[in-house]
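Protein chains in written order, with our numbering: chain G, -10 to 295; chain D, -10 to 295.
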């Protein structure tokens, strides 16, 4: 239950304002943490910045900042880990877009990294971004060494295999062009998408020294959020136009990829999204903190148009 | 200067025996730390083990163990970081062998990872190995959190960009098919090869709580060792047979890659190797520990046949 005393002292969360402010904080920190474009090897650093500053929504780092602030941490102690998360996310996009993986030429309306540069440079840019993600956490002197190792461990588990993002991408590729069950589909997405979203919320809570029970609850909230994110992503692929989406819509269907609309139909997928949103919000009720901004994030994902 | 009291109490280093024993320790630890081949996603875990257990010499982890022991650490506290280093090295080999990079089909006499599996699996196997390297250090409860963050930071700097392995690989690719100066060649190799070898020695010394002066000296020794390693590698590419080398010799020359023999000629490259070996050994004289095993490693690299 949210305590009314805390609620009354917390101004209503300004969703769009809060997002923009956090996005600017994150972009500024990323700019400081990444090697400049004129630093050798220039090609790799240009490719890194091309992909990191491609107009991404910064959903994961915003979730980390928001969760950390809900549990009482100041933004400045959260920022480096938020950037590390965005670096891991960006590296995965660069590698997923490669010809031997999803073979995408367009992302957010711009050429993907291997199209703008070349394949070797894209592979190296992704590799270097992953390295840098762990390195900047290890170097973050605003956090105790105990916290830094917890964060590296959390991020590693969420990004790697057998229980993280890389495992999800491998299973996704293995599932292409064959029928998958709804259970398999949720397993793939819980690894490929939700693992990093759960890590975002948990890392914010770890930095803010949330209790184990709070960590567990916030992880469950984020698991639902990750699922919601994937369902709305699949729906947008079917219903959005190329202009709002920044990539070719309908690509999943043509690739015979298992998606929520393809498995459940569009209407049922919408209902599933509503249900998952409700479950995410129900978990927040168990957290005795002003969780309104986390609820606002769930609302935003449910209603997103891009 | 090596103290004679310590020398007399240290048995002469049994080079081959010491190598074999350490290699067995490392292989056992890698087997424990890597996901099993039957764990999903099976393809990625098979690809990881195919590449990690490919008959590698374990030069970097052996150097880490040896350096740590010279400075007084027990092997068991060194082993996880040694494995992390081998994982980073193996991930870099998998990605370097890809068609868009060095396009190698054979390594140590066996098909490379993307040939045995496929490109997507090889990219993911490399990605997951890098993640796991940082994660296992963060999770190593035998080391203090302070040491763990130092090690993640050290390894990150050595593996990434602008001052590590990925930067070296990018510069190496950029230098293909054009004339490079000897200065450029040394810069490329100091990043691509020596950075991780320096990290091996420094990580061992960090775990063993060497002083800053000792760390600096052991880093200089390892920088020479890295250079020596590269010169002898280039020489073997020219002089060895496919059978002893496990890959097609002469490939560098056909790819018009800058190498020590191509820049200096074979005889001068041999002389350069001798000189670098002497410099490595001279640095060891400044370390007041029983450094004989480190000298033995330098001897071994100078005289290696594969």
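Using N, Cα and C, we set each Cβ at its ideal position, and we do this for glycine too. All figures in this text were calculated on a predicted structure; none of them were measured in a lab.
Nearest Cα to residue 139/D within the set 127/G, 75/G, 140/G, 100/G: 127/G. Three or more beta-carbon pairs separated by less than 8 Å are not found between the region 117 to 132 of chain D and the region 104 to 113 of chain G, which leaves the two stretches without contact.
Assignment of alpha helix (DSSP H) within the region 34 to 113 of chain D, counting only whole runs of 4 or more residues, yields 48 to 59, 64 to 85, 102 to 105 in chain order. What residue 112/G touches in chain D, judged by beta-carbon distance under 9 Å, is 84, 87, 89, 90, 112, 115, going in chain order. Distance between residue 258/G and residue 82/G, taken at the CA atoms: about 25 Å.
Taking 8 Å as the CB threshold, residue 179/G stays off the interface with chain D. With a threshold of 16 other beta carbon atoms within 10 Å, residue 160/G meets it and is buried. None of the residues of the region 58 to 80 of chain D has a beta carbon lying less than 7 Å from any beta carbon of chain G. In this structure, the CA atom of residue 53/G is about 20 Å from the CA atom of residue 222/G.
Within the same chain, and ignoring the five residues on either side of residue 218/G in sequence, the residues whose Cβ sits closer than 7 Å to its Cβ are 182, 186, 290. When DSSP states are grouped into helix, strand and coil, residue 17/G belongs to the helix group. Within the region 135 to 160 of chain G, those residues whose Cβ lies closer than 7 Å to any Cβ of chain D are, in chain order, 135, 137, 138, 141, 142, 145, 146, 148, 149, 150, 151, 155, 156, 158, 159, 160. Listed along chain D is no residue with a C-beta nearer than 7 Å to that of residue 55/G; the closest approach is about 25 Å. Burial check for residue 32/D: the Cβ neighbour count within 10 Å reaches 16 or more, so the residue is buried.
For the set 179/D, 17/D, 25/D, the Cα lying nearest the Cα of residue 75/D is the one of 17/D. Nearest neighbour of residue 252/G by Cα position, chosen from 19/G, 85/G, 172/G, turns out to be 172/G. Shown here, residue 170/D sits in coil according to DSSP, grouped into three states, outside any helix or strand. CA-CA distance, residue 51/D to residue 277/G, rounds to 51 Å. Here residue 9/G is exposed. Its C-beta has fewer than 16 other C-beta atoms within 10 Å. Residue 123/D reaches chain G at 123, 141, 145, counting residues in chain order whose Cβ is nearer than 7 Å.
Taking residue 152/D as the centre and dropping the five residues before and after it, the same chain places the C-beta of 146, 180, 184 closer than 8 Å to its C-beta, in chain order. For residue 276/G, no alpha helix (DSSP H) encloses it, and the DSSP letter there is neither H nor E.
Think of a sphere of 9 Å around the beta carbon of residue 35/G: no beta carbon from chain D falls inside it, the nearest being about 11 Å out. Excluding five sequence positions before and after residue 12/D, the CB atoms of its chain that fall closer than 6 Å to its own CB belong to 47, given in chain order. By the CB criterion at 8 Å, residue 37/D and residue 114/D fall inside the cutoff. Within the region 162 to 175 of chain G, contact with chain D at the beta-carbon level (separation under 8 Å) is assigned to 162, 163. In this structure residue 207/D touches residue 194/D by the C-beta definition: roughly 5 Å separates them, less than 8 Å.
In the same chain as residue 19/D, and ignoring 5 residues on each side of it, the C-beta atoms closer than 7 Å to its own belong to 41, 72, 75, in chain order. For residue 108/D, the neighbours in chain G by C-beta distance under 7 Å run, in chain order, 89. Between residue 109/D and residue 164/D, the C-beta spacing is not below 8 Å. Residue 93/D has a beta carbon lying at 8 Å or more from every beta carbon in chain G. Identification of chain G residues near residue 127/D by a Cβ-Cβ cut-off of 7 Å yields 138, 141, 142, 145, ordered along the chain.
DSSP, read as helix, strand or coil, puts residue 202/G in helix. Residue 29/G has a beta carbon lying within less than 8 Å of a beta carbon in chain D. The way I'd put it, the region 198 to 217 of chain G does touch the region 262 to 269 of chain G; three or more beta-carbon pairs between them come closer than 8 Å.
Take the alpha-carbon of residue 279/D and the one of residue 23/G: they are about 41 Å apart.
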